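The listed protein sequences derive, respectively, from chains A and B.
In terms of my numbering, the first sequence opens at residue 1 and continues consecutively.
In terms of my numbering, the second sequence opens at residue 120 and continues consecutively.
Think of the CB as a built atom: it goes at the ideal place given N, C-alpha and C, for glycine as much as any other residue.
All figures in this text were calculated on a predicted structure; none of them were measured in a lab.
Number of protein chains: 2
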Amino acid sequence: MLNQTDQLDRMFTALADGNRRAMIDRLSRGDTSVSDMAAPLGISLPAVMQHLAILEDCGLVTSRKVGRVRTCSLDTAALSQAEQWLNQRREYWNQRLDRLGEMLLETSSEKPQNRETKK
Amino acid sequence: MLNQTDQLDRMFTALADGNRRAMIDRLSRGDTSVSDMAAPLGISLPAVMQHLAILEDCGLVTSRKVGRVRTCSLDTAALSQAEQWLNQRREYWNQRLDRLGEMLLETSSEKPQNRETKK
DNA sequence: TGTTTGGTTAAGCATGCACTTAACTATTCT
DNA sequence: AGAATAGTTAAGTGCATGCTTAACCAAACA
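In structure tokens form, the structure reads like this:
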């Protein structure tokens, strides 16, 4: 049973490697084959296969084989899942800073006033 | 000399660990001390220190010590850097899908028409 | 002043990760 | 059929990671 923590673990681990990000970068510009992705990386084909397995495992990339060539493509739904996690934390924190700012403002003015959140 | 690739490596590596994400999660709800963060994690204090070092190293968290207690806080600017990387790739890919969709539409209709991108 | 509290350093350990080479399979080209 | 192409599997290596315990320091408290 794989929970969301597990899923994020895999996702961010996948994104933590420069070669894998380069592969994602390449795929963001269009579908491509395994050896095509390997070319600019300067590593062996088996190494690329292993990266691909990791990217597929966390859902960032899908692939299908036709003839002897395997074509890979990016899945942006998975990408946005990681994006959302970051976004939520950032938003939460920023809201907190806003509230703190207001509180300090009220305190420093040293007279009671309405405490509605600004629009 | 540390380039942007290095920076993203560190950032995503930092985010790849569940305990560190839990620490970030905690910090997104307000500044807190080291032992305060350790409490819900069920790991030793030195372990938390090491996670903290990693989070500070990539700029996600800052801390200052006053008296004997060290207070940590989240830096959302760093968070949004990772967010942007993801966003750019996703956007690029989606635009590509849009263009592909249009191309298929034009092809299937089998008559020449204007090929402007839809607003 | 002695003790608790909060944090820090150092050393060691098990596991995981990125990569390699070698050997093999299956498709396509000549 | 034979050679070249595209990918795949297996095994091994070196280094990084996450954690631990033990020992230690300094601020706050009784």
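{"Asked": "Secondary structure of L179(B), DSSP reduced to three states", "Found": "coil"}
{"Asked": "Assigned secondary structure, T117(A) (DSSP; H/G/I helix, E/B strand, else coil)", "Found": "Legend: pLDDT at T117(A) = 38, less than 50; position of this residue unreliable, value from coordinates given subsequently. In the structure shown, T117(A) sits in coil (DSSP, three-state: anything other than H, G, I, E or B)."}
{"Asked": "Contact set for R145(B): own chain, Cβ-Cβ below 7 Å, skip 5 residues either direction", "Found": "T151 and M156"}
{"Asked": "Sequence-distant residues of the same chain with beta carbon closer than 7 Å to R129(B), five excluded per side", "Found": "D176 and C177"}
{"Asked": "A16(A) beta carbon near the ligand COA (any heavy atom closer than 7 Å)", "Found": "The ligand content of the structure shown is nil, which means the ligand COA is not present either."}
{"Asked": "C-beta neighbour in chain B for T13(A), strict 8 Å", "Found": "yes"}
{"Asked": "Presumed contact (8 Å Cβ cut-off) between V34(A) and L60(A), rounded CB distance", "Found": "Not really, about 15 Å apart at Cβ, beyond 8 Å."}
{"Asked": "Chain-order list of residues whose beta-carbon lies under 8 Å from that of R139(B) (same chain, five-residue window excluded)", "Found": "A133, H170, I173 and L174"}
{"Asked": "Test: G178(B) CB closer than 8 Å to a CB of chain A", "Found": "no"}
{"Asked": "Alpha carbon of S192(B) to alpha carbon of R64(A), nearest angstrom", "Found": "45 Å"}
{"Asked": "Rounded separation between Y211(B) and A22(A) - CA only", "Found": "14 Å"}
{"Asked": "Within 8 Å, strictly: CB atoms of R208(B) and L79(A)", "Found": "yes"}
{"Asked": "Endpoints, the beta strand (DSSP E) within which S192(B) is located", "Found": "V188 to L193"}
{"Asked": "Residue-level contact to chain A via CB, D155(B), 8 Å cutoff", "Found": "no"}
{"Asked": "Closer than 8 Å to chain A by CB, T243(B)", "Found": "Outside the modelled stretch of chain B, which goes from 120 to 238, sits residue 243(B), for which no answer is possible."}
{"Asked": "Test: K237(B) CB closer than 8 Å to a CB of chain A", "Found": "Bear in mind that a pLDDT of 34 at K237(B), under 50, signals an unreliable position, so the number given afterwards is only what the model happens to contain. By this cut-off, K237(B) is not an interface position."}
{"Asked": "Element boundaries [alpha helix (DSSP H), containing S44(A)]", "Found": "Element bounds for S44(A): n/a, residue is neither H nor E."}
{"Asked": "Within chain A, partners of A135(B) - CB distance below 9 Å", "Found": "L8, D9, R10, M11, F12, T13, A14, L15 and A16"}
{"Asked": "N138(B) at chain A interface by Cβ criterion, 8 Å", "Found": "no"}
{"Asked": "Residues within the stretch 65-93 of chain A neighbouring chain B, beta-carbon criterion of under 7 Å", "Found": "L74, T76, L79, S80, A82, E83, L86, N87, R89, R90, Y92 and W93"}
{"Asked": "Rounded straight-line distance, which links the Cα of E202(B) to that of G30(A)", "Found": "21 Å"}
{"Asked": "Rounded straight-line distance, which links the Cα of Q200(B) to that of T71(A)", "Found": "30 Å"}
{"Asked": "Listed by chain order, chain B residues near R26(A) by CB distance under 8 Å", "Found": "Near R26(A) there are no residues of chain B at all, since even the closest Cβ is about 10 Å away, more than 8 Å."}
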